[in-house]
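Using the working numbering, you'd call the opening residue of the sequence shown number 338 and step up by one each time.
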Amino acid sequence: MALYDVYGLGNALVDMEFEVTDSFLHKMKIEKGLMTLVDEIRQREIIDAIHGMQHKRSCGGSAANTVIAVAQLGGRSFYSCKVSNDELGDFYYQDLMREGVHNNWSGKGRPHGPTGRCMVFITPDAERTMNTHLGITSDFSKLELDEEIIKNSKILYIEGYLVASPLGREAAIHAKSVAERHGVKTALTFSDASMPIHFKQGLLETLGNGVDLLFCNENEAKVFTGKQVLDEAFSELKRYARTFAITQGPKGALLFDGQKEIDVVTSQVEAVDTNGAGDLFAGAFLYALSTNQNFAMAGKLACAAASTVVTQFGARLKREQIQKIKKVVFGY
Numbered sequence: 338m339a340l341y342d343v344y345g346l347g348n349a350l351v352d353m354e355f356e357v358t359d360s361f362l363h364k365m366k367i368e369k370g371l372m373t374l375v376d377e378i379r380q381r382e383i384i385d386a387i388h389g390m391q392h393k394r395s396c397g398g399s400a401a402n403t404v405i406a407v408a409q410l411g412g413r414s415f416y417s418c419k420v421s422n423d424e425l426g427d428f429y430y431q432d433l434m435r436e437g438v439h440n441n442w443s444g445k446g447r448p449h450g451p452t453g454r455c456m457v458f459i460t461p462d463a464e465r466t467m468n469t470h471l472g473i474t475s476d477f478s479k480l481e482l483d484e485e486i487i488k489n490s491k492i493l494y495i496e497g498y499l500v501a502s503p504l505g506r507e508a509a510i511h512a513k514s515v516a517e518r519h520g521v522k523t524a525l526t527f528s529d530a531s532m533p534i535h536f537k538q539g540l541l542e543t544l545g546n547g548v549d550l551l552f553c554n555e556n557e558a559k560v561f562t563g564k565q566v567l568d569e570a571f572s573e574l575k576r577y578a579r580t581f582a583i584t585q586g587p588k589g590a591l592l593f594d595g596q597k598e599i600d601v602v603t604s605q606v607e608a609v610d611t612n613g614a615g616d617l618f619a620g621a622f623l624y625a626l627s628t629n630q631n632f633a634m635a636g637k638l639a640c641a642a643a644s645t646v647v648t649q650f651g652a653r654l655k656r657e658q659i660q661k662i663k664k665v666v667f668g669y
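Quick look at the structure:
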């Protein structure tokens with residue numbers, strides 16, 4: 338029996354959300370709708386200029402949000418990341434543990450340096466824009482992996498943002514090879530449209546001979562495949578993944594279970610913050626698969642979770658919210 342349902346690896350970032358206007362993004366020359374890497378000086382410049390409302394911080398990063406969702410649903414998840422021994426690192430580690438996510442820092446001393454942080458800007462149209470200072474997570478490498486735990490997990494989940502770093506990409510490729518040698522399913526998310534735009538070669542290297550499951554949104558699918566029409570992008574993705582899930586915002590999701598196309602319709606809600614919706618979708622989907630649900634049911638749970646998180650600020654649902662969704666979808 339596997340020790341963990343999902344083993345995730347990705348950047349460890351303390352998320353800080355701000356409500357801002359489009360004019361603020363324009364004034365500060367921040368490219369809307371994308372994740373942009375910035376240095377500490379630039380991040381401080383933006384913080385000093387912000388007059389919007391700040392929401393509470395939380396431990397984040399794309400894959401972290403996903404493995405937390407798995408744990409909240411009742412699954413067993415493990416996260417490999419890199420945080421330092423500063424105050425933000427303490428906060429990050431304690432938040433992970435509080436959510437029931439085991440990780441590679443339990444019982445170990447953490448290194449010196451700044452823990453990464455991500456400024457998430459939410460505009461009135463609910464679009465999320467991110468400026469990220471990676472800090473110490475830019476040095477995430479194979480040293481942060483636990484191969485024995487990878488071997489004893491059901492699914493390895495890789496965050497696409499890692500391909501932006503040579504060390505991170507090497508770690509992702511190595512983890513994938515370990516998983517494949519031991520019959521562990523592999524999953525990858527593109528994470529953001531900036532990845533296939535600027536780091537497509539890194540994604541191709543990480544995908545290698547393909548993954549068992551790929552997560553992306555409609556725009557990422559089109560950018561990665563170079564196709565303008567979703568149907569064509571859908572067909573092209575079969576070259577890189579044996580199964581996949583394409584999220585479509587308020588339209589739901591388009592799935593491929595290895596044999597057939599499945600269209601999942603989601604509830605119509607008024608979105609105020611789309612940050613983390615894709616991460617939560619992936620977490621719910623992976624949890625469902627780990628409990629032997631089929632793709633249609635996994636998509637239903639994932640869409641229900643994602644459509645709930647966009648109605649509030651923050652990338653994470655409360656445990657009672659996610660358990661309620663699980664009960665409505667699964668009946669238990």
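Just so you know, even glycine gets a beta-carbon here, dropped at the ideal spot from N, CA and C. Please read all numbers here as calculations on a predicted model, not as lab measurements.
- DSSP places Q596 in the coil class of the three-state scheme, outside both helix and strand.
- Residue nearest to Y344 within the set S421, A386, G370, V438 is V438 (criterion: CA-CA distance).
- DSSP lists F415 as the beta-bridge partner residues of H439.
- By the neighbour-count criterion, in which 16 or more other beta carbons inside 10 Å mark a residue as buried, D610 falls on the buried side.
- In the three-state DSSP reduction, Y494 falls in the strand class (E or B).
- In terms of Cα proximity to E598, the closest of G586, A614, G620, S572 is S572.
- Bridge pairing for D352: S395, C455 [DSSP].
- In terms of Cα proximity to A625, the closest of Q658, S644, K664 is K664.
- If you look at F552, you'll find it in the beta strand (DSSP E) that goes 550–554.
- When the Cα atoms are used, F618 and F667 turn out to be separated by approximately 16 Å.
- In this structure, V420 and I473 form a Cβ contact; the two beta carbons are roughly 7 Å apart against a cut-off of 8 Å.
- By the beta-carbon neighbour count (other beta carbons within 10 angstroms, threshold 16), I662 is buried.
- About 15 Å separates the beta carbon of A590 from that of V606, a gap too long to meet the 8 Å contact definition.
- In the three-state reduction of the DSSP assignment, M372 falls in the strand class.
- For Y429, the closest alpha carbon among the candidates S395, F622, L544, K491 is that of S395.
- Under the Cβ criterion (8 Å, minimum of three pairs), the stretch 438–454 does not count as touching the stretch 628–637.
- The C-alpha of Y669 is placed about 44 Å away from the C-alpha of P503.
- Shown here for K488: same chain residues with a beta carbon closer than 6 Å to its own, the five before and five after excluded, namely H519 in chain order.
- Counting along the chain, A578 sits inside no beta strand (DSSP E), nor does DSSP assign it H or E at all.
- The beta carbon of E557 sits closer than 7 Å to the beta carbons of F527, A530, P533 from its chain, once the five residues preceding and following it are set aside; these are given in chain order.
- Beta-bridge partners of V601 (DSSP): A590.
- A578 and V548 do touch by the CB rule: their CB atoms are close to 5 Å apart, below 8 Å.
- For K559, the CB contacts under 6 Å within the same chain, skipping 5 residues up- and downstream, are A570 in chain order.
- Membership of H470 in the beta strand (DSSP E) is indicated by the continuous run 465–470.
- At a Cβ-Cβ threshold of 8 Å, L425 and T452 count as neighbours.
- Per DSSP, reduced to three states, the secondary structure at I583 is strand.
- Inter-segment contact for the stretch 492–512 and the stretch 341–358 is present: three or more beta-carbon pairs are separated by less than 8 Å.
- Under a 10 Å Cβ-count criterion, Q409 is classified as buried, with 16 or more other Cβ atoms of the shown protein chains found around its own Cβ.
- Between E464 and V515, the alpha-carbon positions lie close to 37 Å from each other.
- When beta bridges are read from the DSSP output, K522 appears opposite I492.
- Y416 and E481 have their C-alpha atoms spaced approximately 10 Å apart.
- Taking C-alpha positions only, I383 is separated from D616 by approximately 25 Å.
- Shown here, D342 sits in a strand according to DSSP, grouped into three states.
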